Every structure is written in C-alpha cells, then in structure tokens.
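A.B. asks:
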Amino acid sequence: MDILKTATDWAKTEAFASTYFILFGVMFVVATIGFWQFGKTELAKAYIFPTLIAGTFLLVVGLGLFFTNKSRISSFETAYNTDAPAFVQSEIDRADKTLNEYKTIALTVFPIVVIVAALLIIFVDTPLWRAIGITTIALMTVIMLVDSNANARHENYKEQLLLVEKDLKN
Numbered sequence: 045m046d047i048l049k050t051a052t053d054w055a056k057t058e059a060f061a062s063t064y065f066i067l068f069g070v071m072f073v074v075a076t077i078g079f080w081q082f083g084k085t086e087l088a089k090a091y092i093f094p095t096l097i098a099g100t101f102l103l104v105v106g107l108g109l110f111f112t113n114k115s116r117i118s119s120f121e122t123a124y125n126t127d128a129p130a131f132v133q134s135e136i137d138r139a140d141k142t143l144n145e146y147k148t149i150a151l152t153v154f155p156i157v158v159i160v161a162a163l164l165i166i167f168v169d170t171p172l173w174r175a176i177g178i179t180t181i182a183l184m185t186v187i188m189l190v191d192s193n194a195n196a197r198h199e200n201y202k203e204q205l206l207l208v209e210k211d212l213k214n
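Here our numbering runs 44 ahead of the position in the sequence shown, where the first position is 1.
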C-alpha cells in the first residue's frame, strides 16, 4: 500500500469536500440578497443579517479548509521521504485528534445548538430571533451533513494508516 498516494488522495478529497461549504455559503449569501431585494415582510427582512453571517461563516470555513488541505498535499511528500514512520505516526495522531473533536463537537455541541435554536423559535416571538433560530438550524444541518462524510473519510484514512504502521513495524 502506498501511503503517500493514500494521504495525497485523502487530502485532495478533503479539499474537494470543502467546496461544499463554499457552495452552501454562496447559497446563503444569495438568499441574503434575495431577502434584501425582495423581502416585503418584517420576517423576510429579519433574515438579512443571520443568513449573511451564516453564509460568510461557511465561505470562510470552506476556503480555510480548501487552502489548508491544498498546502498539506505538498508537504506530505517531504515529510514521508524524510521519515516515513514519523509521517505515518503524525498522521495517525492528527486523525485521532480530528475524530475525537468530531465526537465532541458534532455529536454534543451541534445538537445542543439546534435544540436551543428550536426553543428560540418556539418561545421568542420576534422576527429577528426567529430568523436567527431558523438560520442557525439550517447552518448546523449543513455543517453536520458535510462533516458526517468527512468523519467517515477520516475513519477510513486512519484504518489505512494503522495498516501501514503495522507493516512498517514488521
């Protein structure tokens, strides 16, 4: 198994997946423009800032992940050629950290945020707070959808790294 190719393919896939954050960010910004231009009701106008903030957030996250993974690709070969076992171990450590963060954030924090946003919609009867609650739920849904696929890729990547680590030790 060529772990350098596997790592490079994984990083390329992660960079491609980050474009979904960018795509959804653009969609939120387009929705903002739509609410700004065509919103006649108080509730429609209330969506302008929440959707703009959510769209900007997704664009920043998507672009950050894209460029981080693109730059990581070029560093893989150098790190692997310098010390293959250390490269594999560092990637295993990074994958472990990412998987643990995913469990904490995506399985605990995001659902709590969605519950709070839903309660906001139910108990606060002002248009702005309802727009914030609904936009927050939409944002969390996008993040959980994209991150669930990234988590599956991370688990698969870590399994491949562990196989290579085992081979290097033998």
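A virtual CB, placed ideally from N, CA and C, is assigned to each residue, including glycine. These numbers were taken from a predicted model, which means no experiment stands behind them.
Whose C-alpha, out of VAL186, ALA75, VAL105, VAL104, is nearest the C-alpha of TYR91?
C.D. replies: For the purposes of this step, residue 91 is taken as residue 47 along the sequence shown, with counting starting at 1. The residue with the shortest Cα to Cα distance from TYR91 is ALA75.
A.B. asks: Can you find the residues in the same chain that come closer than 7 Å, C-beta to C-beta, to ILE181, ignoring five residues on each side of it along the sequence?
C.D. replies: Residue 181 sits at position 137 when you count from the first residue of the sequence shown. Within the same chain, ILE181 has close Cβ partners VAL158, ALA161, ALA162.
A.B. asks: Would you report the Cα separation of ASN193 and GLU199, rounded to the nearest angstrom?
C.D. replies: By 1-based counting over the sequence shown, the position of residue 193 is 149. By 1-based counting over the sequence shown, the position of residue 199 is 155. Taking the straight line joining both Cα atoms gives about 10 Å.
A.B. asks: Within this structure, are the beta carbons of ALA59 and ASN113 separated by less than 8 Å?
C.D. replies: Taking the sequence shown and counting its residues from 1, the one referred to as residue 59 is at position 15. Taking the sequence shown and counting its residues from 1, the one referred to as residue 113 is at position 69. In this structure, ASN113 lies closer than 8 Å to ALA59 by Cβ.
A.B. asks: Which two residues bound the contiguous alpha helix (DSSP H) that contains LYS213?
C.D. replies: Taking the sequence shown and counting its residues from 1, the one referred to as residue 213 is at position 169. It spans 171-213 - the alpha helix (DSSP H) in which LYS213 sits, taken as one unbroken run.
A.B. asks: Taking a contact to mean a Cβ-Cβ separation below 8 Å, would you say LYS73 touches GLY108 in this structure?
C.D. replies: Residue mapping note: residue 73 aligns to position 29 of the sequence shown, counting from 1. Residue mapping note: residue 108 aligns to position 64 of the sequence shown, counting from 1. In the sequence as displayed, the identity of residue 73 is Val instead of Lys. No; because the gap between Cβ atoms is not below 8 Å, this pair is not in contact.
A.B. asks: Give the list of continuous alpha helix (DSSP H) stretches no shorter than 4 residues that lie fully inside the region 113-171.
C.D. replies: Segments of the alpha helix (DSSP H) lying fully in the region 113-171: 128-148, 154-167.
A.B. asks: Tell me which residue opens and which closes the alpha helix (DSSP H) that ASP46 is part of.
C.D. replies: Residue 46 sits at position 2 when you count from the first residue of the sequence shown. Run containing ASP46: none; DSSP gives neither H nor E here.
A.B. asks: Note down the Cα distance separating GLN81 from LEU96, rounded to an integer number of angstroms.
C.D. replies: Taking the sequence shown and counting its residues from 1, the one referred to as residue 81 is at position 37. Taking the sequence shown and counting its residues from 1, the one referred to as residue 96 is at position 52. Their Cα atoms are separated by approximately 13 Å.
A.B. asks: Does DSSP classify TYR91 as helix, strand or coil?
C.D. replies: On the sequence shown, residue 91 is found 47 positions in, with the first residue counted as 1. Coil, per DSSP.
A.B. asks: Three Cβ pairs or more, each shorter than 8 Å: is that satisfied between the region 202-212 and the region 132-143?
C.D. replies: With a cut-off of 8 Å, the region 132-143 and the region 202-212 count as touching, because enough Cβ pairs lie within range.
A.B. asks: Is the beta carbon of THR52 less than 8 Å from the beta carbon of PHE120?
C.D. replies: What you label residue 52 is simply residue 8 of the sequence shown in a count that begins at 1. What you label residue 120 is simply residue 76 of the sequence shown in a count that begins at 1. Yes, the Cβ-Cβ distance between THR52 and PHE120 is below 8 Å.
A.B. asks: Select from VAL186, VAL168, PHE167, LEU164 the residue whose C-alpha is nearest the C-alpha of ALA150.
C.D. replies: Counted from its first residue, the sequence shown places residue 150 at position 106. Minimum Cα distance to ALA150 is reached at VAL186.
A.B. asks: Compare the C-alpha of PHE79 against each of ASP169, ALA139, PHE65, ALA175 and name the closest.
C.D. replies: Position 35 of the sequence shown, counting from 1, holds the residue named residue 79. Cα-wise, what sits closest to PHE79 is ALA175.
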